[in-house]
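Engineer: My questions will all concern the structure given below.
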Amino acid sequence: MIVLQGDHGPGSTLNWDQIEKTYFLERLGILNAFHFPDGHTNGVYDTISPVNTFRLILNKLFATSLPILEDVSFMSNWLNPYLFVRDTHGTATADLNGFTPRVMLAHTKLGEPKKEGSPLDAEGNLKIMAVGVEIVFEKLLRGKLLKISLDGNDDYRLEFLLGKESIGVVKIKGKSKNSGLRNYVVNVPELVTVRGFDGLKIYPSGGDLEYAVGYIKSTGARHMPPYIKRGVTQPPG
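My numbering puts the last residue of the sequence shown at 252; the count rises by one with no breaks.
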């Protein structure tokens, strides 16, 4: 008989019917595996991964000699619940290269203005991790200003995207001492307004490890140079 003990995460509950208000990180790991041959208890390893559990069963029951693999952990989140990436340094500093979650603006309430100072977990806000989040817009935007609500006691780096290409960066310095949304009006880099952008990556760059975005809107007079009006999307030369 094989008995497994596992844990699904740090006190969180997943809701498969709708997006959770809080951005929980879910970890699913087998903590212990025990083998009880003929009713006699015999502890086998303190920690063991699922793939090693099957190797262990084969070795014990069928006299095979499969090596035990490195014990590793993987993690996911509610934005990409079925995408697991390797966790090498613990939940807070996981190895998440290339794992910035993508969210369609139309599928959120980020298009609705939020009250200054409202809590991060208020309805309609999107809590984000240290790896940031990528917001995808339905159309090409060229506004000279970007209105955005972010947690006011954190620093952020905004990266404007055209497809997968990064075409401009703006940094925001947190000005509040207390947690809560703060409304900002950002000057969009001129090159971004010329080419247009259809995505925005939001990266926290400092603060209290609790990050959120509540509102995003491109506004202001659009910069439409002659070559744009002629239907050319790239600057001459």
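The beta carbon of each residue, even a glycine, is placed where N, CA and C say it ideally should be.
Does R197 come out as helix, strand or coil in the three-state DSSP assignment?
Structural biologist: Here R197 sits in strand by DSSP.
Engineer: Any C-beta of chain D sitting closer than 9 Å to the C-beta of K186?
Structural biologist: The structure shown contains no chain D; it holds only a single protein chain.
Engineer: Does DSSP put N74 in a helix, in a strand, or in coil?
Structural biologist: DSSP places N74 in helix when its eight states are reduced to three.
Engineer: Excluding five sequence neighbours on each side, which residues of the same chain lie with their C-beta closer than 8 Å to the C-beta of D170?
Structural biologist: The residues are K186, I187, K188, G189, P219, S220, G221 and G222.
Engineer: For N193, which residues from the same chain have a beta carbon less than 6 Å from its beta carbon, with the 5 sequence-adjacent residues on both sides left out?
Structural biologist: If we look at N193 and ignore the five residues flanking it on each side, it has no Cβ neighbours.
Engineer: Residues in its own chain within less than 6 Å of G158 by CB, not counting five upstream and five downstream?
Structural biologist: Counting only Cβ-Cβ distances below 6 Å, and skipping sequence neighbours, we find S233, T234 and G235.
Engineer: Locate the beta strand (DSSP E) running through E149, then write down its first and last residues.
Structural biologist: Note, E149: beta strand (DSSP E), V148 to L156.
Engineer: In this structure, what does DSSP give as the bridge partners for L144?
Structural biologist: As written in the sequence, residue 144 is Met, which differs from the Leu given in the question. DSSP, once it has assigned bridges, lists no residue as partnering M144.
Engineer: Pull up the DSSP beta-bridge partners for K216, would you.
Structural biologist: DSSP lists E149 and E174 as partners of K216.
Engineer: Apart from the five residues just before and just after V184, which ones in its own chain have a Cβ nearer than 6 Å to its Cβ?
Structural biologist: Only E174 meet the Cβ criterion.
Engineer: Provide the residue(s) that pair with E131 in DSSP beta bridges, ordered along the chain.
Structural biologist: Note: E131 sits in no beta bridge, so no partner.
Engineer: From this set, P134, D136 and I150, which residue's C-alpha is nearest K216's C-alpha?
Structural biologist: Ranking the options by Cα distance to K216, first place goes to I150.
Engineer: Taking just the CA atoms, how far does L165 sit from G132?
Structural biologist: Looking at the two C-alpha atoms, the distance is approximately 10 Å.
Engineer: My guess is that Y230 and I143 are in contact by the Cβ rule of under 8 Å, so how many angstroms apart are they, rounded?
Structural biologist: Incorrect: roughly 14 Å between the Cβ atoms, too far for contact.
Engineer: State the beta-bridge partners of A227 as determined by DSSP.
Structural biologist: Looking at the DSSP assignment, A227 forms a beta bridge with K142.
Engineer: With DSSP as the reference, label P52 as helix, strand or coil.
Structural biologist: In this predicted model, P52 has a pLDDT of only 49, less than 50, meaning its place in the structure is not dependable; the value taken from the coordinates is given anyway. P52: helix per DSSP, three-state reduction.
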